[in-house]
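Novice:
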Amino acid sequence: MRLREGLQSIHRRGRALTRRKRRACLRWAENTDNLVHLSVLVFVPLLIALVTLLSNAVEALPYLLFPPLASGAYTLFVRPESPYASPRRFVGGITIGALCGWVAFAVTGLLPAAPGIGVRPGAAAGSLALTALATWVLDLEEPSAFSSALLVLVVDMGTGQLVLGPLAGVSVAVSPRTAYVLSVLLSTTLVAGVFFVWHEGFYERRATYLYGTTHGDDHVLVPMRGESATETAAVAARIAGAHEAGKVVLLDVLTDIDADALAAHRGDVAPEAVDEGDAERVREAVERLNDVAATIHDDTGVPCEVVVAEGDPAATAFDTARRANCDLIVTPYETEDGGLSPHVNRILSGSLDAVAHRSTGTTDWRRVLVPVARPGDTAHAMVDFATRIAGDDGRVSVCTCIDSETARRDAEHRLANVVETFDAPVETRVARASITEYIEENARAYDLVMLGSSGDRSTASRLISPPTFERLQDVDCDVAVVDSRPER
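Numbers in our numbering are just positions in the sequence shown, counted from 1, shifted up by 12.
1) Please classify residue 239: is it buried, with 16 or more other beta-carbons within 10 angstroms of its beta-carbon, or exposed?
2) How many angstroms separate the CA atom of residue 138 from the CA atom of residue 123?
3) Within a Cβ cutoff of 6 Å, which residues of the same chain sit near residue 83, ignoring the five residues on either side of it in sequence?
4) Assign residue 438 to one of three DSSP states: helix, strand, or coil.
5) If we ignore side chains and look at the alpha-carbon of each, how far apart do residue 452 and residue 437 end up?
6) Kindly provide the ranges of any alpha helix (DSSP H) runs that are 4 or more residues long and lie completely inside the region 87-142, ordered along the chain.
7) Counting C-beta neighbours from all protein chains within 10 Å, is the total for residue 487 16 or more, i.e. buried, or is it exposed?
8) Count the other C-beta atoms from every protein chain shown that fall within 10 angstroms of the C-beta of residue 344, then say buried if there are 16 or more, exposed otherwise.
9) Quickly, what does DSSP pair residue 266 with across the bridge? List them, please.
10) Could you check whether residue 360 and residue 301 sit closer than 8 Å to each other, using their CB atoms as the reference points?
11) Using only the alpha-carbon positions, how far apart do residue 384 and residue 396 sit?
12) Grab me the residues of residue 415's own chain with a C-beta within less than 8 Å of its C-beta, minus the 5 sequence neighbours each way, in chain order.
13) Cβ atoms of residue 154 and residue 89: under 8 Å apart, would you say?
14) Provide the residue span of the beta strand (DSSP E) that contains residue 412, from first to last.
15) Tell me which residues share the same chain as residue 501 and place their Cβ nearer than 7 Å to its Cβ, disregarding the 5 neighbours each side in the sequence.
16) Might you give, ordered along the chain, the residues of its own chain that have their beta carbon closer than 7 Å to the beta carbon of residue 86, omitting 5 neighbours on each side?
17) Can you check whether the CB of residue 107 is closer than 8 Å to the CB of residue 193?
18) Determine the direct distance from the alpha carbon of residue 131 to that of residue 72, and round the result to whole angstroms.
19) Among residues of its own chain, excluding the 5 on either side of residue 110, which ones have a beta-carbon nearer than 7 Å to its beta-carbon?
20) When you compare the CB positions of residue 423 and residue 408, do they come within less than 8 Å of one another, or not?
21) Counting contacts by CB-CB distance shorter than 8 Å, is residue 198 in contact with chain B?
22) Using alpha carbons as the reference points, say which of 348, 440, 442, 48 lies closest to residue 214.
23) Can the beta-carbon of residue 324 be found closer than 8 Å to that of residue 364?
24) How close, in whole Å, do the beta carbons of residue 99 and residue 204 come, if the pair is a contact with beta carbons under 8 Å?
25) Between the Cα of residue 459 and those of 449, 405, 491, spot the shortest distance and give me the residue it belongs to.
26) Let me make sure I understand the geometry here. Which of 190, 151, 149, 148 has the alpha-carbon closest to that of residue 167?
27) Three Cβ pairs or more, each shorter than 8 Å: is that satisfied between the region 345-359 and the region 290-300?
28) Look at the alpha carbon of residue 270 and the alpha carbon of residue 446, and state the distance between them as a whole number of angstroms.
29) Roughly how many whole angstroms lie between the Cα atoms of residue 294 and residue 303?
30) Output the boundary residues of the beta strand (DSSP E) element that contains residue 10.
31) Start and end of the alpha helix (DSSP H) containing residue 503?
32) Since residue 441 contacts residue 406 with CB under 8 Å, what's their CB separation in whole angstroms?
33) Would you call the CB atoms of residue 230 and residue 255 closer than 8 Å?
34) Measure the alpha-carbon distance for residue 465 versus residue 50 and round it to whole angstroms.
35) Sort out for me which residues DSSP pairs residue 370 with in a bridge.
36) Less than 7 Å between C-beta atoms, sequence neighbours within five positions excluded: which residues of the same chain meet that for residue 400?
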């Protein structure tokens, strides 16, 4: 028995360690720069190995082909959003470079030269000049084009063999430089094809694979607590309405009530068997929720369900979310003793993605500000929710704050990585200021500010520097605190 319990304990610890490592890897991959460099480590060596394999089977000067191919492939994968990350530019630029070098060699070969000269200086200069002119005119500027233009000049004299269709035993005798140009065209086409599949099939859709909110958070539970619950339900409807299968579940948790009153309302218990006061509370709660549900459905078209339950509010919210197949909880913002109320704290730290909404009374959010400190699942969730809430006619501004101008370029790059997966109109801003100052100065221009809950920070870190939402007490717009973590 003890042996079995020991083995089970080891197994549980092993599974927990595996989950932690998986979550750490996922958080690491959520950074686009890390994902891109991982792709470089995987695809560039594999592609060069594949071209080497093909070059060994096809007599096409493999060594001189590799330098421009490797450097160009690296440029493709490491900066997939740059102007140079174009299959057309990659194939056309490098091939034209090789062709220009071939032309320069042929032209200078007609001129007399001093004995003992290997590569003619005129051929080197002419190949680069022709490459610069041709790639500029054709809009195919590619750094590796100049490498292929020079390498074609050092191909050995004589006749080479380029095997076309080796399985059929067909071969055509061509000059080494002709073979080089054709090899550049074929090998760059192969690399560009792999890059296109990776870029369109994975990189542009990476949010689908790395972030849960892209295909989830369309069934939303709203605990109807406090005076701003109706406005919070409207926020939930905007989030759920972005997906065709979206729905909102309105929950009212009654305390100090006989459970038989709820059963009587469902018809499971005879009405005369329950306290009339409790039965009246249940009827009033149901009527209130039905009124809100009807309003939300009329305004947004999102279907609504109503649930009245009794018990611990937070525990009942999670249980109802599980039963109603909800993957997001949007709760009204509550404070206690200068901080978040225990109920909101439990919701934000629970097993589901969560949003705490602090309302100023508006139900129209066309301008949404999203401050982002670092890339990751929470940052993506905030932008995703913001675009859903703003709708097609709204606009989302994603900002980050820096301490010095030297950090501006890196900050702009980080924001670009966060927002480029969204089709909605999203602008980015980098401000040299503290985040609280920036929000307080600009909040009046927005209807809603979405903030991260800092749930991934340690307790010590939160004590030293409290979360931003706790430092923002008076702003002239709604505030939404988002907690979304990959371990969920």
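Beta carbons are placed, not taken as given, at the ideal position from N, Cα and C, and that holds for glycine.
Here the structure is a predicted model, which means the values were calculated and not measured.
Specialist: Checking against the coordinates, here is how it stands:
1) exposed
2) 13 Å
3) 156
4) strand
5) 24 Å
6) 99-120
7) Sixteen is the threshold: when 16 or more other Cβ atoms of the shown chains lie within 10 Å of the Cβ of residue 487, as they do, the residue is buried.
8) Counting of Cβ neighbours within 10 angstroms places residue 344 among the buried residues, the total reaching 16 or more.
9) 322
10) In this structure, residue 301 lies away from residue 360, with their beta-carbon atoms at least 8 Å apart.
11) 13 Å
12) 444
13) no
14) Residue 412: member of the beta strand (DSSP E) spanning 407-413, first to last residue.
15) Nothing about residue 501 can be reported from this structure: the residues present for the chain run from 13 to 500 only.
16) 52, 56
17) yes
18) In this prediction, residue 72 scores a pLDDT of 49, lower than 50, which makes its location untrustworthy; no coordinate-derived value is stated.
19) 160, 161, 164, 192, 193, 196
20) no
21) The chain inventory of the structure shown lacks chain B, comprising one protein chain alone.
22) 48
23) no
24) At roughly 4 Å, the Cβ-Cβ gap stays under 8 Å, so residue 99 and residue 204 are in contact.
25) It is 491.
26) 190
27) no
28) 51 Å
29) 14 Å
30) Only positions 13 to 500 of the chain appear in this structure, which leaves residue 10 out of reach.
31) Shown here, the chain extends from 13 to 500; a query on residue 503 therefore has no answer.
32) Contact doesn't hold; Cβ gap of about 16 Å is too wide.
33) Their beta carbons are under 8 Å apart, which means residue 230 touches residue 255 by this criterion.
34) 29 Å
35) 491
36) 250, 251, 254
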